[in-house]
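Top to bottom, those sequences are chains A and B.
All residue numbers for the first sequence refer to the numbering used here, where the first residue is 10 and numbers rise by one.
All residue numbers for the second sequence refer to the numbering used here, where the first residue is 10 and numbers rise by one.
A virtual CB, placed ideally from N, CA and C, is assigned to each residue, including glycine.
Bear in mind that the values here come from a model prediction, so they are computed numbers and not experimental data.
This report concerns only the one structure given below.
There are 2 protein chains.
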Amino acid sequence: MSHSLIDQLTEAFRCLPGIGPKSAQRMVWHLLERDREGGKKLASTMVEAMQRVDHCQQCHNFSEDEICTICSSASRDDTLLCVVESPADVLAIEQSGSFRGKYFVTMGNLSPIDGIGPDEIGADALLTRSSQQVVEVILAMSSTVEGEATAHYLGELLKAGDVTVSRIAHGIPIGGELEYVDGGTLTHALQGRKTI
Amino acid sequence: MSHSLIDQLTEAFRCLPGIGPKSAQRMVWHLLERDREGGKKLASTMVEAMQRVDHCQQCHNFSEDEICTICSSASRDDTLLCVVESPADVLAIEQSGSFRGKYFVTMGNLSPIDGIGPDEIGADALLTRSSQQVVEVILAMSSTVEGEATAHYLGELLKAGDVTVSRIAHGIPIGGELEYVDGGTLTHALQGRKTI
């Protein structure tokens, strides 16, 4: 049984994030027993995506076109640029419907220990991008140690240019009860209080 | 963004068991960003498996050959036949190393409400199979309502022939503490006690 096609497929499924041997085995049996058509469709779409999806030349998000739909949209505000860590963050902000500017995706945070420096997150490209029409750059990295470090680095870099640099607000989440919010968030929320 | 290749791939991933929209999205981004080679390999293995893997003609387990390696093995006991619900059960018994006979996989239990009757679980094929060399048929279905019903049905069917029919033992799991074992299992364990 050691090198059967079933074992090879189970092994191949392990390349997916969060999939261990048991889940992989279950996926293989499910496809073989119940959804061979689904499996074939998944395989062909995967081949096409692996070949054709690249990064948008302007915002670095994933795109099958040279310039993605958001970057090429004429109805969006070219003067506002939101810098995020990942495609998931673009999706989250788009779903909130609260932002009509454009994006720049760093595809990760600075992490010298992993060899991820300014080049890897596209610092130069961001600098070039923010010198075109952009009036304000919003740094929307996560509030983690790596996110804050990246935001700080990019902030210093961008402030040398002719743009306003801002950081998204930190505070109590909407609907969040004060007693369950952690100390760090409370400190930020109090320091960032606004007069009403 | 509605019908981009990325969205199509995310949608296609939903055919896998236990994969919701968020996990599917994460898989797509992971493959695109970190493991395109893995994705291509997964896709090609999947296509090959969907086309070439069928059921073993003798035991009905998945196999790329007409007769699977277990069924065609000369070193296994042809007189002992173990009937299980799924390929996972074959794997579990094989890994325990405690059985050297052959198998028959029903690929599910009787479930009239889902249209799964004797034909779907291969009752006739099992009857034919057990009339060849087989001396004892061990019914190793799960101890669920469906498993018990299937075992009962197949037991009655097989007893008409010239074979001994047995059911795997139910009782306290090895290493299991008595106080944490459920009442049904305890009842079975007491009724099935052995003189030592």
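Check	Outcome
With 16 other Cβ atoms within 10 Å as the buried cut-off, status of B/I183	exposed
Three-state secondary structure (DSSP) of B/R61	helix
A/M10 in three-state terms, based on DSSP	Note on A/M10: pLDDT 43, under 50, position unreliable in the model; no value is reported.
Backbone CA spacing between A/R202 and B/S13 [nearest angstrom]	42 Å
CB contact check: A/E149 to chain B, cutoff 7 Å	Per the sequence shown, the amino acid found at residue 149 of chain A is Ala instead of Glu. Chain B contact via Cβ: absent.
A/I76 - containing beta strand (DSSP E), residue span	Unbroken run through A/I76: none, as it is neither H nor E.
Exposure of A/V154, with buried meaning 16 or more beta-carbon neighbours within 10 Å	exposed
is_contact[B/V99, chain A] using C-beta, thresh 7 Å	no
Meets three-Cβ-pair contact criterion under 8 Å: the region 180-196 of chain A and the region 15-26 of chain A	no
First and last residue of the uninterrupted alpha helix (DSSP H) at B/Y162	154-168
Where A/L90 falls, given that 16 or more other Cβ within 10 Å makes a residue buried	buried
Nearest candidate by alpha-carbon position, reference B/A132, set B/Q60, B/S53, B/H69	B/H69
Proximity below 7 Å, CB of B/A33 to CB of B/T54	no
A/R176, enclosing alpha helix (DSSP H) - first and last residue	Run containing A/R176: none in the alpha helix (DSSP H); it sits in the beta strand (DSSP E), 173-176.
Min CB distance B/V128 to chain A below 7 Å	The amino acid at residue 128 of chain B is misidentified as Val; the sequence shows Asp. Chain A, which has no Cβ nearer than 7 Å to the Cβ of B/D128, makes this no.
Beta carbon of B/E94 nearer than 7 Å to that of B/T115	yes
A/Q142 to B/E57 span [Cα, whole Å]	51 Å
Proximity test, Cβ basis, 7 Å: B/V62 and chain A	yes
A/L166 versus A/T173: straight-line alpha-carbon distance, rounded	12 Å
The region 120-129 of chain A touching the region 73-88 of chain A, judged by at least three CB pairs closer than 8 Å	no
Helix, strand or coil at A/V146 according to DSSP, with G and I counted as helix	strand
Nonlocal neighbours in the same chain, by C-beta distance under 7 Å from B/V99, ignoring five residues either side	N70, V93, Y112, V114
Option nearest B/G126 by Cα separation, candidates B/F108, B/T159, B/S152	B/T159
Rounded straight-line distance, which links the Cα of A/A101 to that of B/I15	16 Å
7 Å Cβ cutoff, A/D16 in contact with chain B	no
Buried or exposed (CB count within 10 angstroms, at least 16 for buried), A/I205	exposed
Enclosing alpha helix (DSSP H) for A/K203 [first to last residue]	Here A/K203 belongs to no alpha helix (DSSP H), and DSSP marks it neither H nor E.
C-beta neighbour in chain A for B/M10, strict 7 Å	Bear in mind that a pLDDT of 43 at B/M10, under 50, signals an unreliable position, so the number given afterwards is only what the model happens to contain. It does: the Cβ of B/M10 has a partner Cβ on chain A nearer than 7 Å.
A/C91: contacting residues in chain B (beta-carbon distance under 8 Å)	Within 8 Å Cβ-Cβ: nothing; A/C91 doesn't reach chain B, min ~16 Å.
Member of B/A149, B/G29, B/G192, B/L195 whose CA lies at the smallest distance from the CA of B/S175	B/A149
Local Cβ density within 10 Å of A/I76, reported as buried at 16 or more and exposed below that	exposed
Cβ-based neighbour list, A/S139, same chain, cut-off 7 Å, excluding 5 preceding and 5 following	L90, V146, L167, G170, V172
Residue interval of the alpha helix (DSSP H) (run including B/V93)	Segment 89-93 is the beta strand (DSSP E) holding B/V93; no alpha helix (DSSP H) there.
The region 33-52 of chain B: positions lying closer than 8 Å to chain A by Cβ	Q34, R35, M36, V37, W38, H39, L40, L41, E42, D44, R45, G47, G48, K49, K50, L51, A52
Simplified DSSP assignment, three categories, for B/S105	helix
Distance CB(A/R45)-CB(B/M59) smaller than 7 Å	yes
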